[in-house]
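In terms of this note's numbering, the sequence shown opens at residue 1 and continues consecutively.
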Amino acid sequence: IMDQIMEEFQLETHPILWPIGDGDRFKGVLDRLTNIVHLYQKPVTRGGKAEVIEVPLEDEAKLEELIADDELFPKLLEDAELLKELLEPLDMERVLAAEQSP
């Protein structure tokens, strides 16, 4: 989707929240501004409020334990590293000039 936005609008994207899994395997999001992972625990009752556990990205042992998925945990670490290396930092002046979008 980031490529589509760049192609269609000539607008560089800088995702702030990055999903961990999707559908039934959705675990939470990485906040790239704070490097905090927000993991959502399914509510006990239907329609109940999900519990949110916040873990620093650097606490890999805790994240691996809580994510408990042999594919999603390494993918989170890989995605976080790739995004850091490949994307320009968020620049609010560029956002206001319509050159970058969060």
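For glycine and all other residues, C-beta sits at the position ideal for the given N, C-alpha and C.
Residues in its own chain within less than 7 Å of histidine 38 by CB, not counting five upstream and five downstream? Gly28, Val29, Asp31, Val52, Glu54
So the alpha helix (DSSP H) glutamate 85 belongs to, where does it begin and stop? 72 to 86
Isoleucine 16 (DSSP reduced to helix, strand or coil): Isoleucine 16: coil per DSSP, three-state reduction.
DSSP puts valine 29 in a beta bridge; with which residues? Pro19, His38
Cα-Cα, which of Pro102, Trp18, Glu93, Asp3 is closest to aspartate 79? Per the Cα distances, Trp18.
Any idea which residues DSSP pairs glutamate 51 with across the strands? DSSP output for glutamate 51 lists Gln41 as bridge partner(s).
So, for methionine 2: in the same chain, excluding its five sequence neighbours on each side, which residues have a beta-carbon less than 6 Å away from its beta-carbon? Here the set comprises Thr13.
If you draw a straight line from the C-alpha of glutamine 100 to the C-alpha of leucine 90, how long is it? 8 Å
When we look at the beta-carbon of isoleucine 5 and count the other beta-carbons within 10 Å, is it buried (16 or more) or exposed? Classification for isoleucine 5: exposed.
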